[in-house]
Every structure is written in C-alpha cells, then in structure tokens.
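Take a look at the structure set out below.
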Amino acid sequence: MAGDKEELRRRLSGLGFDEVRFVRLESVKGDGLRRWLDSGYHADMDWMERTADKRMDPDLVLSGAKSAVVLGVSYYGEGADPGGGAPSWARYSLYADYHDSMKPALAAAGRVIEETFGASPGDYRYYVDTGPVLERAWSARGGVGFIGKNSMLISRRHGNWLFLASIITRLDLESDAPLKGRGDPGSVGLLCGKCTRCMDACPTQAFPEPGVVDAKLCISYQTIENKGVIPARLRPAIGARIYGCDTCLDVCPWNRFAKAGRQMILSSRGDIGRMPLRELLALTPERFAAVFKGTAIKRIKLAGLLRNACVVAGNSRDASLAEPLRALLGHASAIVRGHAVWALRRLGDREGVARARAAEADPLVLAEYDGPVEVSAPG
Ligand code: SF4
Ligand code: SF4
Numbered sequence: 003m004a005g006d007k008e009e010l011r012r013r014l015s016g017l018g019f020d021e022v023r024f025v026r027l028e029s030v031k032g033d034g035l036r037r038w039l040d041s042g043y044h045a046d047m048d049w050m051e052r053t054a055d056k057r058m059d060p061d062l063v064l065s066g067a068k069s070a071v072v073l074g075v076s077y078y079g080e081g082a083d084p085g086g087g088a089p090s091w092a093r094y095s096l097y098a099d100y101h102d103s104m105k106p107a108l109a110a111a112g113r114v115i116e117e118t119f120g121a122s123p124g125d126y127r128y129y130v131d132t133g134p135v136l137e138r139a140w141s142a143r144g145g146v147g148f149i150g151k152n153s154m155l156i157s158r159r160h161g162n163w164l165f166l167a168s169i170i171t172r173l174d175l176e177s178d179a180p181l182k183g184r185g186d187p188g189s190v191g192l193l194c195g196k197c198t199r200c201m202d203a204c205p206t207q208a209f210p211e212p213g214v215v216d217a218k219l220c221i222s223y224q225t226i227e228n229k230g231v232i233p234a235r236l237r238p239a240i241g242a243r244i245y246g247c248d249t250c251l252d253v254c255p256w257n258r259f260a261k262a263g264r265q266m267i268l269s270s271r272g273d274i275g276r277m278p279l280r281e282l283l284a285l286t287p288e289r290f291a292a293v294f295k296g297t298a299i300k301r302i303k304l305a306g307l308l309r310n311a312c313v314v315a316g317n318s319r320d321a322s323l324a325e326p327l328r329a330l331l332g333h334a335s336a337i338v339r340g341h342a343v344w345a346l347r348r349l350g351d352r353e354g355v356a357r358a359r360a361a362e363a364d365p366l367v368l369a370e371y372d373g374p375v376e377v378s379a380p381g
C-alpha cells in the first residue's frame with residue numbers, strides 16, 4: 003500500500019486533530035508498563051494487567067501491524083479549578099466524553115487512510131485512550147512530545163493538555179522525528195531537566211520515582227477508578243478535588259506554551275464546573291442523569307460523585323453544608339452514608355451523626371463513626 007504521507011497528515015489535520023504524527027511500531031518496545039504492573043501500582047485496575055501483552059505487542063491487536071498514526075486533540079481552555087474552595091474538576095472532564103466525541107473524527111480518519119493509501123477497513127484499528135495500546139510511548143517516539151516526570155505526554159505546543167488517540171495500521175509509514183534531548187526519545191523526563199515541580203506538588207506523594215504514579219495514592223484513581231471507600235488518611239489531601247486531580251499537570255512549566263486547540267472535536271461542559279457543592283450534595287438520580295449525560299463523569303455513577311462531594315464538603319470548613327450532608331446519612335448507598343459520616347465529623351457536627359448512628363447497621367458505615375477524624379475548623 004503506497005500513498006503520500008504528507009497528504010494523509012494534511013487531511014487528518016483538516017478533521018480537527020491538533021497533532022498528527024506517525025510512528026513505526028518496530029521502534030516501540032514498551033514503556034516500563036511491566037515493571038509498573040509488577041510493583042502493584044495499578045491498584046485494582048485489573049484490566050491493565052489483562053491487556054498488558056497486547057499493549058506491548060501491537061501484532062496481537064492487529065496482525066501485520068507496522069505503524070501507527072498518533073493523533074492529539076488539545077483540551078486546554080478555561081481553568082477547571084474555580085478556586086475559593088469550590089469543587090474542582092479535572093480539566094478533561096468538563097467536556098462531552100472524549101471517548102465518544104472523538105470517534106466520528108476517527109472513523110473519518112479511517113476513511114481518509116483508505117482513500118489516500120488504498121487500504122481496506124481491515125488494515126487499521128483505532129483507539130481512544132482506553133485501547134490496549136501504548137499511546138504515550140508511541141507519541142513520544144513519533145515526536146508529539148516527551149514523557150514528563152509527571153508521567154504525562156508533554157507537547158511543546160500544547161503542554162500536557164492533549165487527548166491522545168491512535169490508529170494502528172498495516173501501512174508502512176516512516177516514523178516522524180522524535181524530540182531531541184539527553185537520552186532515548188522514550189525516556190522519562192527527556193526535557194524536564196532538573197525540574198521536579200510536579201512530584202513536589204503532589205498532595206499525596208504518589209510518585210515513587212519520576213514518571214511512575216502509584217495509583218493507590220493518586221487522587222485521580224481514588225476519585226474516579228476506586229468504586230469503594232476512599233482511604234480516610236488520603237481524604238484531607240483531596241481538598242476540593244471532586245473528580246480527578248490536575249495538580250501535577252497544572253504546575254508543569256511546559257504549559258506556558260499551551261494554547262486552546264481548535265476544539266472542532268470537543269464540546270465544553272464548563273457549566274458543570276460552576277455547580278455549587280451544595281447542589282451536588284443534593285443530586286437525585288434524575289438530576290444526575292440529566293446533568294452528566296454524555297460526560298465521562300457519569301461513569302462513576304451518582305453514588306461515586308456523592309461520595310466525592312462528601313469528602314470535599316468535609317474539607318470545606320463550611321458548617322452550613324452539614325444540612326445536605328445530614329440528608330445523605332439516610333442514602334441507600336453505604337459508601338455515601340459512610341463518607342457523609344466522615345464529612346460531618348470533620349465539620350464537627352456531633353449532633354447530626356449521633357442521631358443517625360442508632361439507625362445504622364452496616365459495619366462499613368459504623369467504622370466511619372468510630373474511626374479517627376481530624377476536625378477541620380471553620381474558616
Ligand atoms: Fe499526585 Fe494528583 Fe498527580 Fe495523582 S494526579 S500523581 S494525586 S498530583
Ligand atoms: Fe517535567 Fe517539571 Fe513538567 Fe514535571 S513539572 S513534567 S519535572 S517539566
């Protein structure tokens with residue numbers, strides 16, 4: 003299959019992708035994934051273990067795979083942390099779910115590959131973020147950016163605010179040049195120099211080494227992937243982060259070059275970022291479904307969001323939130339009730355929890371009544 007690589011790049015760029023790079027898969031051998039898994043840093047994300055072999059061998063994903071097209075969409079835009087103790091959201095979450103919104107553009111990209119290289123639909127497969135592929139390592143090899151000590155792919159043009167997608171193909175596309183620095187193009191911290199800002203800023207010290215995140219300690223994991231109890235010792239450090247954490251991304255100096263992407267593919271949901279915590283604590287199933295429809299946030303379900311909102315309320319020092327928290331002491335989910343107990347105790351609301359305790363039978367929730375809690379004094 004022969005065609006014009008630059009023509010392909012131009013047409014893919016025309017679909018709204020902010021980065022279009024090519025990489026020969028033979029040049030990618032894996033990115034420390036095995037070591038990360040063996041260390042148990044993936045917590046209970048067993049799907050990472052199950053897909054590890056495919057991630058390290060693209061031939062298991064598409065037999066005869068030779069190259070990949072790596073595509074980036076910038077989601078840099080308005081700040082997702084409103085400050086002042088209001089709930090803060092991972093920047094990426096304040097868009098329509100990118101897994102869905104990028105798919106039409108990827109399907110169109112596939113058709114472009116067919117037209118420019120005479121490929122058939124069986125000659126490529128595309129993935130957004132969750133596929134069994136090493137997008138970050140491929141992106142580094144293809145020169146989209148480098149892997150920072152914060153473990154993210156960092157672009158010189160877009161900072162670390164890129165959604166990545168990839169199309170594995172049987173085309174023999176020559177690799178684009180990687181960024182130059184000291185060391186191998188895929189190595190962690192290629193252009194970080196002596197900077198350690200991201201690791202220093204992490205509120206839970208979740209980096210056992212540069213470029214490696216222990217998910218068990220990471221607020222993004224705890225507020226999104228963890229479906230159960232958030233360890234009590236981590237809750238104070240969560241602060242106002244209701245969904246995900248951008249701290250190790252926000253501090254990266256490479257973001258000074260970031261500019262808003264063309265966002266032809268993304269649609270903003272900045273309205274979610276402006277919702278008061280009081281309103282979030284009072285979400286009903288109907289309201290949750292209506293507000294979070296079409297977003298990535300809906301995946302953690304109402305109970306997950308209420309759990310996180312309780313933690314943020316407990317850290318808020320706002321005694322007036324005791325009222326909506328008390329209403330959650332009767333919630334159907336033991337996870338929500340337990341975190342509401344913690345939040346009320348942290349706000350010093352002894353009266354509210356004392357009354358509800360008599361009606362509680364779930365050991366998980368009872369443990370929250372008895373565990374140590376440091377009261378956060380009203381601000
Ligand atoms: Fe630490 Fe937050 Fe980065 Fe996780 S996302 S490693 S908690 S700064
Ligand atoms: Fe590298 Fe500094 Fe950015 Fe961390 S904050 S990824 S160390 S440049």
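Quick note on numbering: the working numbering labels position 3 of the sequence shown as 5, and the sequence is numbered without any gaps. Beta carbons: idealized from backbone N, C-alpha and C, even for Gly. Computed from a prediction, not measured in an experiment: that's the story for all the values here.
- Ligand 1 never approaches S157 closely enough for any of its heavy atoms to be under 7 Å from the residue's Cβ.
- Of the other Cβ atoms in all chains shown, fewer than 16 fall within 10 Å of the Cβ of R289; this residue is therefore exposed.
- 8 Å or more divides the Cβ of L164 from the Cβ of V71.
- About 7 Å separates the CB atoms of Y100 and L268; that is less than 8 Å, so the two are in contact.
- CA-to-CA, the gap between G272 and E281 works out to about 16 Å.
- Of the residues assessed, E370 falls on the buried side of the cut-off, its CB having 16 or more other CB atoms within 10 angstroms.
- For R280, the secondary structure class from DSSP, reduced to helix, strand or coil, is helix.
- Exclusion of P326 from the 7 Å shell around ligand 1 follows from its C-beta lying no nearer than that to any non-hydrogen atom of the ligand.
- In this chain, L236 is not harboured by any beta strand (DSSP E), its DSSP state being neither H nor E.
- Per DSSP, Y126 is not a residue of any alpha helix (DSSP H); the beta strand (DSSP E) it occupies stretches across 126-130.
- By the rule of a C-beta closer than 5 Å to any heavy atom of ligand 2, the residues picked out are G150, K151, N152, C194, C197, R199, C200, C254.
- In this structure, ligand 1 has a non-hydrogen atom nearer than 7 Å to the beta-carbon of I221.
- Out of S270, V253, S318, H341, the CA that lies nearest to the CA of S76 is found in S270.
- Annotation: A92 to V130 spans about 18 Å, alpha carbon to alpha carbon.
- Around the beta carbon of K182, fewer than 16 other beta carbons sit within 10 angstroms, so the residue counts as exposed.
- At least one heavy atom of ligand 1 lies less than 7 Å from the C-beta of P205.
- The criterion of a C-beta distance shorter than 8 Å is not satisfied by C247 and I274.
- The alpha-carbon separation between I226 and D351 amounts to approximately 28 Å.
- Closest in C-alpha terms to A324, from the list A363, C312, S335, comes C312.
- Pairing Y94 with L166, the inter-Cα distance amounts to about 12 Å.
- Per DSSP, E376 is not a residue of any beta strand (DSSP E), being assigned neither H nor E.
- When beta bridges are read from the DSSP output, Y97 appears opposite S270.
- Secondary structure of L164 (DSSP, three-state): strand.
- Checking the 7 Å criterion, the Cβ of C250 is within range of a heavy atom belonging to ligand 1.
- Residue pairing from DSSP leaves V355 without any beta-bridge partner.
- Rounded to the nearest angstrom, the Cβ distance from V343 to V355 is 6 Å, consistent with a contact under 8 Å.
- Leaving aside the five residues that flank A298 on each side, the residues in its chain whose CB is nearer than 6 Å to its CB run, in chain order, S95, D99.
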